[in-house]
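Asker:
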Amino acid sequence: MGYEPLNTLKIAWSSTDCSGLEFFHQLKKSGKTVIAIDPMRSETIDFFEDKIQWVAPRPMTDVAMLMGIAHTLVKNGKHDKAFLDKYTTGYDQFEAYLLGKEDGVEKTSEWAADITGVPAKQIELLAEIFSSNRTMLMAGWGIQRQQFGEQRHWMIATLAAMLGQIGLPGGGFGFSYHYSNGGNPTRDAGVLPAISASIGGGSSAGNDWAVSGAVNSFPVARIVEALENPGQKYQHNGHEKTFPEIKMIWWAGGANFTHHQDTNRLIKAWQKPELIVISEIYWTAAAKHADIVLPITTSFERNDMTMTGDYSNQHLVPMKQVVEPQGEARNDFDVFADMAEMIKAGGRDVYTEGKSEMDWLKGFYESAQKGGRTARVRMPNFGKFWDDNELIEMKFNKKAAAFVRHADFRADPVMNPLGTPSGKIEIYSKTIEGYGYDDCPAHPTWMEPTEFFGSAKEGELQLMTAHAAHRLHSQFNYAKLREEYAIADREPISINTEDAKARGIQSGDLVRAFNDRGQVLVGALVTDGIKQGSVCIHEGGWPDLDPETGMCRNGGANVLTSDIPTSRLANGCAANSALVRIEKYTGKVPGSWLSHRLRMRSQK
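Position 55 of the sequence shown, counting from 1, maps to 73 under my numbering, and the rest follow consecutively.
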């Protein structure tokens with residue numbers, strides 16, 4: 019559900035361990051039932067061909083569909099009461115809501131069908147399949163990035179508990195199999211340590227920033243609100259916080275003008291600080307909106323090292339500098355160290371702890387080497403590792419390959435409690451009840467989003483902003499690869515065949531997508547592979563606003579999205595909560611800065 023492993027497992031936070039993709043080939047050959055619940059026909063669905071069942075609910079209606087399945091389990095007596103009694107708390111309160119005793123609305127399969135657009139019989143069949151077989155519920159993170167997004171994953175965990183298979187091989191639920199090589203067994207390894215991130219006041223980055231008084235941190239998804247309303251109180255995870263007055267921003271890492279919602283609102287808020295500095299390696303949209311741009315080296319211009327496989331710790335790899343820093347580019351390490359010296363005499367030594375970059379790398383390696391000895395992994399000294407310039411393969415662990423998440427909890431929930439206040443799966447949370455948040459009740463709840471099909475006016479369509487298969491978020495949007503997927507020299511917009519027909523749109527047409535927040539030019543991709551009533555512009559397109567019309571010439575999806583938090587609990591971004599209109603574009607076609615740069619580079 020909301021899960022695209024064949025796309026997202028191709029890349030990792032470190033270097034990619036692709037061996038996990040083989041598991042999907044094995045699954046395809048196994049004959050096991052695979053069901054994809056997704057409003058779009060994804061790369062993963064195409065991979066499984068006829069070995070997969072595709073169920074396409076309307077976007078943002080996942081909770082209603084899951085509740086329809088849960089209600090069917092209760093109606094047919096297929097929920098595991100013994101598991102619920104032993105391993106969970108608060109199920110009775112949730113069941114009262116599910117059966118309509120709390121709000122007068124019974125969450126039947128018919129009720130769910132009206133909301134999701136999935137037939138009631140199909141919802142009931144899913145309940146039968148799930149309860150009659152060993153079932154693993156896998157979900158990605160995209161379904162959380164919408165208004166009330168926390169409810170999706172809470173409801174998935176609740177449904178898994180009702181099935182009673184948590185802690186059994188092939189059963190339960192998982193939210194991490196779609197990224198960071200999830201599913202690959204962790205090896206016996208010498209692992210690179212993290213940098214100590216102590217901050218003023220003795221607090222550390224490992225502590226909960228929400229209760230730490232050392233710095234005034236806030237969720238990055240609320241950056242625009244913070245700029246607009248300095249001094250305003252807000253709630254986060256049960257704590258009242260205050261937005262700071264921000265006079266300077268130093269943005270180092272992350273393309274905020276690509277990943278943040280409601281680009282035009284962001285641009286206005288970005289004028290408020292007195293100074294904005296960005297550390298960047300490319301001339302991105304964010305760099306164009308900074309007062310000072312500090313050119314930073316790429317991985318090719320500096321020494322470093324990395325693990326392959328974020329979870330698997332498959333290898334330790336030296337990353338030797340290939341070329342000298344180009345132009346005026348400098349390493350982040352030196353930039354921050356020099357800034358520390360400018361702030362206070364001797365600051366460089368304090369920041370670097372008197373060590374050079376190579377000293378730090380050696381220290382990281384020796385820490386990993388110490389862990390390697392404990393894991394009985396042979397690792398040479400740092401000098402030989404660096405001079406040989408060869409990766410070190412870590413030892414495969416057969417026991418780790420047989421790991422079952424929460425098996426220890428299932429075997430003995432008293433001796434192996436979960437990290438919740440009760441130590442159990444909390445279907446009803448007394449902690450969250452105490453917060454009194456109307457946008458995040460104390461148990462999984464269906465709440466109608468502000469912008470979704472149920473509130474859509476005639477002609478409006480639900481916008482999705484899924485991951486693209488042809489780039490990594492915004493990376494590679496400025497690459498020749500763009501020429502392979504661009505339509506009408508713009509970002510593609512996927513449109514259902516019937517929706518396109520009603521608007522006189524054909525594949526290849528230049529299309530304007532718009533709402534009250536902005537407008538973008540995109541190229542039409544007409545397909546039956548998307549739920550009627552919805553469209554998709556992949557996230558990551560660089561915004562390129564025409565100075566005369568304000569129209570984004572490159573199809574930056576966040577020009578259209580709503581900048582609201584998921585809830586006061588998590589304050590995550592809600593990028594998939596937006597309605598748009600689309601029409602065939604017949605006006606003067608503005609040139610695209612990005613396309614122009616790509617053409618110029620090709621000519622060179």
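The C-beta atom is built at its ideal place from N, Cα and C for all residues, glycine as well.
Would you mind reading off the limits of the alpha helix (DSSP H) that contains residue 563?
Answerer: Within the sequence shown, the letter at position 545 stands for residue 563. Taken as a continuous stretch (DSSP letters only), residue 563 belongs to no alpha helix (DSSP H), as it is neither H nor E.
Asker: Put residue 536 into one of helix, strand or coil per three-state DSSP.
Answerer: Looking up residue 536 in the sequence shown gives position 518. Annotated three-state conformation of residue 536 is strand, per DSSP.
Asker: Just list the alpha helix (DSSP H) runs in the region 120-182, keeping only unbroken ones of 4 residues or longer that don't cross its boundaries, in chain order.
Answerer: 127-134, 138-150, 168-181
Asker: Mind checking which residues open and close the beta strand (DSSP E) that includes residue 192?
Answerer: On the sequence shown, residue 192 is found 174 positions in, with the first residue counted as 1. Unbroken beta strand (DSSP E) run through residue 192: 190-192.
Asker: Can you name the start and end residues of the beta strand (DSSP E) that residue 503 belongs to?
Answerer: Residue numbering aside, residue 503 sits at position 485 when the sequence shown is read from its first letter. Note, residue 503: premise wrong, no beta strand (DSSP E); alpha helix (DSSP H) at 500-503.
Asker: What's the call for residue 288, buried or exposed, on a 16-neighbour Cβ count within 10 Å?
Answerer: Numbered from its first residue, the sequence shown carries residue 288 at position 270. Buried, since its Cβ has 16 or more Cβ neighbours within 10 Å.
Asker: Beta carbon of residue 462, beta carbon of residue 19: below 8 Å?
Answerer: The sequence position of residue 462 within the sequence shown is 444, counting from 1. The sequence position of residue 19 within the sequence shown is 1, counting from 1. Their beta carbons are not under 8 Å apart, which means residue 462 does not touch residue 19 by this criterion.
Asker: Given residue 339, which residues of its chain have a CB within under 8 Å of its CB, disregarding the five upstream and five downstream residues?
Answerer: Within the sequence shown, the letter at position 321 stands for residue 339. If we look at residue 339 and ignore the five residues flanking it on each side, its Cβ neighbours are 318, 319, 320, 321.
Asker: For residue 409, which residues of its own chain have a beta-carbon under 7 Å away from its beta-carbon, when the five flanking residues on both sides are left out?
Answerer: The count along the sequence shown starts at 1 and reaches residue 409 at position 391. The answer, listed in chain order, is 333, 334, 335.
Asker: Considering residue 552, what are the terminal residues of the beta strand (DSSP E) in which it resides?
Answerer: Sequence index remark: in the sequence shown, residue 552 carries index 534 (1-based). It spans 552-554 - the beta strand (DSSP E) in which residue 552 sits, taken as one unbroken run.
Asker: By how many angstroms is the C-alpha of residue 606 removed from the C-alpha of residue 464?
Answerer: To locate residue 464, count along the sequence shown from 1; it is residue 446. To locate residue 606, count along the sequence shown from 1; it is residue 588. The alpha-carbon atoms of residue 464 and residue 606 are separated by roughly 44 Å.
Asker: What's the C-alpha gap between residue 531 and residue 570?
Answerer: Translated into positions along the sequence shown, residue 531 becomes position 513. Translated into positions along the sequence shown, residue 570 becomes position 552. Rounded to the nearest angstrom, the gap between the Cα atoms of residue 531 and residue 570 is 10 Å.
Asker: Just mark residue 32 as buried or exposed, buried being the case when its beta carbon has 16 or more other beta carbons within 10 Å.
Answerer: Within the sequence shown, numbered from 1, the residue matching residue 32 stands at position 14. Buried: at least 16 other Cβ atoms inside 10 Å.
Asker: Is the Cβ-Cβ distance between residue 17 and residue 536 less than 8 Å?
Answerer: The requested residue 17 does not occur in the structure, where the chain is confined to residues 19 to 622.
Asker: Beta carbon of residue 212, beta carbon of residue 393: below 8 Å?
Answerer: As a working note, residue 212 is residue 194 in the sequence shown. As a working note, residue 393 is residue 375 in the sequence shown. No, the pair does not count as a contact, with Cβ atoms beyond the cut-off.
Asker: Per the DSSP calculation, residue 23 is bridged to which residue(s)?
Answerer: Here the question's residue 23 lines up with position 5 in the sequence shown. Bridge partners of residue 23: none, in fact.
Asker: Could you check whether residue 73 and residue 55 sit closer than 8 Å to each other, using their CB atoms as the reference points?
Answerer: Mapped onto the sequence shown, residue 55 falls at position 37. Mapped onto the sequence shown, residue 73 falls at position 55. The answer is yes: Cβ separation under 8 Å.
Asker: Out of 24, 26, 23, 38, point me to the one whose CA is closest to residue 330's CA.
Answerer: Mapped onto the sequence shown, residue 330 falls at position 312. Ranking the options by Cα distance to residue 330, first place goes to 38.
Asker: Nearest to residue 267 by alpha carbon, out of 250, 245, 256?
Answerer: Indexing the sequence shown from 1 puts residue 267 at position 249. Answer by Cα proximity: 245.
Asker: According to DSSP, is residue 541 helix, strand or coil?
Answerer: Sequence index remark: in the sequence shown, residue 541 carries index 523 (1-based). DSSP places residue 541 in strand when its eight states are reduced to three.
Asker: Figure out for me which residue from 604, 255, 298, 156 has the closest Cα to the Cα of residue 423.
Answerer: Mapped onto the sequence shown, residue 423 falls at position 405. Among 604, 255, 298, 156, the Cα nearest to that of residue 423 belongs to 156.
Asker: What does DSSP give as the partner residue(s) for residue 260 in the beta ladder?
Answerer: On the sequence shown, position 242 is the one that residue 260 refers to. Answer is 251.
Asker: Kindly indicate which residue of 512, 499, 506 has the alpha-carbon position closest to the one of residue 483.
Answerer: Translated into positions along the sequence shown, residue 483 becomes position 465. Among 512, 499, 506, the Cα nearest to that of residue 483 belongs to 512.
Asker: For residue 596 and residue 533, I'd like the C-alpha separation in whole angstroms.
Answerer: As a position in the sequence shown, residue 596 is number 578, starting the count at 1. As a position in the sequence shown, residue 533 is number 515, starting the count at 1. The straight-line gap from Cα to Cα measures roughly 9 Å.
Asker: Is the region 83-98 touching the region 110-119 in the sense that three or more CB pairs, one from each, lie closer than 8 Å?
Answerer: yes
Asker: Tell me the DSSP bridge mates of residue 480?
Answerer: To locate residue 480, count along the sequence shown from 1; it is residue 462. Its beta-bridge partners are 552, 597.
Asker: I need the straight-line Cα distance from residue 609 to residue 539, nearest angstrom please.
Answerer: Mapped onto the sequence shown, residue 609 falls at position 591. Mapped onto the sequence shown, residue 539 falls at position 521. Roughly 11 Å separates the two Cα atoms.
Asker: Is the beta carbon of residue 542 closer than 8 Å to that of residue 575?
Answerer: Here residue 575 refers to the residue found at position 557 when the sequence shown is read from its first residue. Here residue 542 refers to the residue found at position 524 when the sequence shown is read from its first residue. Not in contact: residue 575 and residue 542 (Cβ atoms no closer than 8 Å).
Asker: Which value, in whole angstroms, describes the spacing of the CA atoms of residue 389 and residue 406?
Answerer: In the sequence shown, counting from the first residue as 1, residue 389 sits at position 371. In the sequence shown, counting from the first residue as 1, residue 406 sits at position 388. Going from the Cα of residue 389 to the Cα of residue 406 covers about 21 Å.
Asker: Is the beta carbon of residue 482 within less than 7 Å of some heavy atom of the ligand SAM?
Answerer: The ligand SAM is not part of this structure, which contains no ligands at all.
Asker: I'd like the span of the alpha helix (DSSP H) that includes residue 465, first residue to last.
Answerer: Translated into positions along the sequence shown, residue 465 becomes position 447. That residue, residue 465, is in no alpha helix (DSSP H); it is neither H nor E in DSSP.
Asker: Starting from residue 322, follow the beta strand (DSSP E) in both directions and report where the run begins and ends.
Answerer: Numbered from its first residue, the sequence shown carries residue 322 at position 304. It spans 322-326 - the beta strand (DSSP E) in which residue 322 sits, taken as one unbroken run.
Asker: With DSSP run on the structure shown, which of helix, strand or coil describes residue 89?
Answerer: Translated into positions along the sequence shown, residue 89 becomes position 71. Helix.
Asker: Rank 443, 305, 416, 163 by C-alpha distance to the C-alpha of residue 177 and give the top, closest one.
Answerer: Along the sequence shown, read from residue 1 onward, the residue named residue 177 stands at position 159. Residue 177 has its Cα closest to that of 443, out of 443, 305, 416, 163.
Asker: Spatial neighbours of residue 66 within its chain, please: CB distance less than 7 Å, with the 5 preceding and 5 following residues excluded, ordered by chain position.
Answerer: Along the sequence shown, one-based indexing puts residue 66 at 48. For residue 66, where only same-chain residues beyond five positions count, the Cβ hits under 7 Å are 46, 52.
Asker: Of all the alpha helix (DSSP H) runs that stay within the bounds of the region 488-532, which reach a length of 4 or more residues?
Answerer: Complete alpha helix (DSSP H) runs here, min 4: 500-503, 515-520.
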